[in-house]
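**Q** Structure provided below as structure tokens; questions to follow.
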Amino acid sequence: MTEAFIHLDNVKKVYRTRGKEFLAVSQATFDVEQGELVSLVGPSGCGKTTLLKILAGLHGFDGGVVRIGSGKQPFNPARDIGMVFQQPLLLKWRRIIDNVMLPAEILGLPQAAARARAYELLDLVGLKGHEDKYPYELSGGMQQRASIARALVHDPKLILMDEPFGALDALTREKMNLELLQIWAKAKKTIIFVTHGITEAVFLGTRVVVLTAGPAKMADNFEVDIPMPRTLDVRNTEKFGEYTRRIYRLLGME
Amino acid sequence: MSGSNEQVQRYALAVLSHLILVAAWHFFVVYGKIPKIVMPSPYDTIHALLVPNYRWLENIAATSIEVFGGFLLAAVFGILTALMFSWFRYLEMFAMPLLVSLNMIPKVALGPLMIVWLRYGIWPNTLMAFAICFFPIVLTTARGLREVEPDLLDLVRTLRGSRWQLFVKIQLPGALPYIFSGMKVAAILAVAGAIVGEFLGSERGLGYLMLQVQVTLDTAAMFMAVILITLIGGVLYGIVLGLERYFVVKDARIQ
């Protein structure tokens, strides 16, 4: 039995404000293998963003075990995390290529090689020809693609995405879902994807972890047995419907 | 193409409105038979430049030095102060409220004191311009340095970026539009500060000249002085605007 790339066991997080305790995450137990795309889905207040920040090393936790990397799969928390947020958060004063370069600059990677890689990544996310533009010259969807390229530039092993398509319109969002699957297939990264969209979670995930609110706890964790590459049509299959119903049931919406 | 066309139109209309004002002024004075003492015509106003006694160049130079000097001092010390505030949180908590209180003082009221401390001349007037410009620059710069997106902070933290990297790559360039918006406000205030200083006590400068010619009722010279004062302010504002265009990406500029 080999060790999983990411291992969470009964992770718990409590916020304390003015003497009151507030349970943000509890009973989070799941493993992620390298190369998986795991959806963390749940309503607001279920702790999905908190859990993501715990994985990013930005938050501490109050109980349980979090382990990323193993003997055979080394993981350097300073170098191996790429982040994508709901907002693209590109620096307005930098051209797209220089925005993508930011993590490489902060990490002090060899600049020429990183630059070449940044151009490749912009090609991968479909922004070839836009490298020298400023963020305001791009649409919201294009800006978010640039921020995905930024998350990949230092070649991290783990990409953490916090509702990256939540601010986009429905049509752009579907398009970005398809493109994310292509990027994931080509870049061969482990991705943890936070969303409150149930369809999105099932469509993207090789595995779905369901979190519920009030009190926040992990409610389910299952593999999505729909082969890749997926097209939008898979959403009309019986199997897909079973998965989404399973989540709706857990969230008390059936 | 239509974009540049619209820009030409915009400039043309702006020039036109200015010309119309001058023309209206001219016709009002000429056909209204307004006495020269009350309101000189544009021609009389320009003619006032020919009076050698008024030593225009010397007075323009004096006022310019006060305006530009006071503004520059305020920009340098204002930005430095805000930087210190952002680096040392306790210093900000300690000194910022004090600055806010001191800013309540009408700077003009300090004029007589500055003259007591520094005598007549360019120095007290420069200091007056400085005192008026300083606070808006500190305030906007400090605010700009504070406004870092929390998620962006997280991004830098996951990469174990240093405080210095955060400052150089994100905080300072992010604060630049704010710094410029403070400097634009200050550029306009600087002229007022210098002129008030000259009114209160001075032996040089356009404000000083205005008081001198007021006695002889040379209204044309007073008009000219006001125009020149406005131009000095306009040049300073234009320089700040030009620097902003150069250093700040269009989208980030604060109007």
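Residue numbers (my numbering), protein chains in the order written: chain C, 297 to 550; chain W, 76 to 330. Glycine included, every Cβ here is placed at the ideal spot set by N, Cα and C. As the structure is a computational prediction, the values presented were derived from the model and not from experiment.
1) Between which two residues does the alpha helix (DSSP H) holding Q440 of chain C run?
2) Which two residues bound the contiguous beta strand (DSSP E) that contains R503 of chain C?
3) By Cβ distance, which residues of its chain are closer than 6 Å to E317 of chain C, with the 5 residues on each side in sequence left out?
4) Cutting at 6 Å between CB atoms, please list the residues of its own chain near G462 of chain C, excluding the five before and the five after it.
5) Using a Cβ-Cβ distance under 9 Å, would L476 of chain C count as near chain W?
6) Leaving aside the five residues before and after G437 of chain C along the sequence, list all residues of the same chain whose C-beta is less than 8 Å from its C-beta, in chain order.
7) With H, G and I counted as helix, E and B as strand and the rest as coil, what does DSSP make of L295 of chain C?
8) Answer yes or no: does any C-beta atom of chain W fall closer than 9 Å to that of H450 of chain C?
9) Which value, in whole angstroms, describes the spacing of the CA atoms of T156 of chain W and M203 of chain W?
10) Starting from Y118 of chain W, trace the alpha helix (DSSP H) both ways and give me its first and last residue.
11) Just how far apart, CA to CA, sit L336 of chain C and K344 of chain C?
12) How far does the beta strand (DSSP E) with V361 of chain C in it reach, from first residue to last?
13) Would a C-beta distance cut-off of 9 Å place A466 of chain C and V380 of chain C closer than the cut-off?
14) Could you tell me which chain W residues have their CB closer than 9 Å to the CB of Q439 of chain C, listed as they occur along the chain?
15) I'd like the ranges of any alpha helix (DSSP H) spanning at least 4 consecutive residues and lying wholly in the region 220-293 of chain W.
16) Have a look at the DSSP bridge pairing and note the partners of V310 of chain C.
17) Let me see if you follow: with CB-CB separation under 9 Å, is L316 of chain W close to chain C or not?
18) Name the chain C residues whose beta carbon is nearer than 7 Å to that of L234 of chain W?
19) How big is the Cα-Cα spacing for G253 of chain C and I543 of chain C?
20) Check whether the Cβ atoms of E427 of chain C and R390 of chain C lie closer than 9 Å to each other.
21) Measure from the alpha carbon of Y432 of chain C to the alpha carbon of each residue in C:P384, C:R413, C:A408, C:I402, then state which is nearest.
22) Within 9 Å of any Cβ in chain C, is that where the Cβ of K333 of chain W sits?
23) Measuring only between beta-carbons, confirm whether I329 of chain W sits less than 9 Å from chain C.
24) Within the continuous beta strand (DSSP E) that includes N517 of chain C, where are the two ends?
25) What span of residues does the beta strand (DSSP E) with D458 of chain C cover, start to end?
26) Does the beta carbon of I302 of chain C sit closer than 9 Å to a beta carbon anywhere in chain W?
27) Please tell me whether L91 of chain W has its Cβ less than 9 Å away from any Cβ of chain C.
28) How many whole angstroms separate the CB atoms of V288 of chain W and A296 of chain W, which I take to be in contact at a CB cut-off of 8 Å?
29) One question on the structure: do L303 of chain W and T138 of chain W come within less than 9 Å of each other, judged by their Cβ atoms?
30) Taking only beta-carbon atoms, is G462 of chain C less than 9 Å away from chain W?
31) Listed from N- to C-terminal order along the chain, which residues in the region 332-359 of chain C have their beta-carbon within a distance smaller than 8 Å of any beta-carbon of chain W?
32) Near V323 of chain W, which residues of its chain fall below 8 Å by C-beta distance, leaving aside the five closest residues on each side in sequence?
33) Based on DSSP bridge pairs, tell me the residues matched to N490 of chain C.
34) Kindly indicate if chain C contains any beta-carbon less than 9 Å away from that of M76 of chain W.
35) What is the C-beta distance between V506 of chain C and D516 of chain C, in whole angstroms, given that I count them as a contact (C-beta under 8 Å)?
**A** To lay it out plainly:
1) 436-448
2) 503-508
3) V310
4) Q382
5) no
6) L464, T468, K471, M472
7) No answer is possible for residue 295 of chain C: the residues shown for chain C start at 297 and end at 550.
8) yes
9) 18 Å
10) 117-122
11) 6 Å
12) 359-364
13) no
14) Those within 9 Å of Q439 of chain C in chain W number zero; the least Cβ separation is about 12 Å.
15) 225-233, 238-241, 247-275, 281-290
16) C:L319
17) no
18) A374, P399, I402, L403
19) For chain C, the structure presents residues 297 to 550; residue 253 of chain C sits outside this window and is missing.
20) no
21) C:P384
22) With chain W running from 76 to 330 in the structure shown, residue 333 of chain W is simply not present.
23) no
24) 513-519
25) 454-458
26) no
27) no
28) 4 Å
29) yes
30) no
31) K349, A352, G353, L354
32) L251, P252, F255
33) The question names Asn, but residue 490 of chain C is Val in the sequence shown. V490 of chain C pairs with C:L336, C:D458.
34) Confidence at M76 of chain W is low in this model, with a pLDDT of 49, below 50, so the placement of that residue should be treated as unreliable; the coordinate-derived value is given next. No, because no Cβ of chain C sits closer than 9 Å to the Cβ of M76 of chain W.
35) 4 Å
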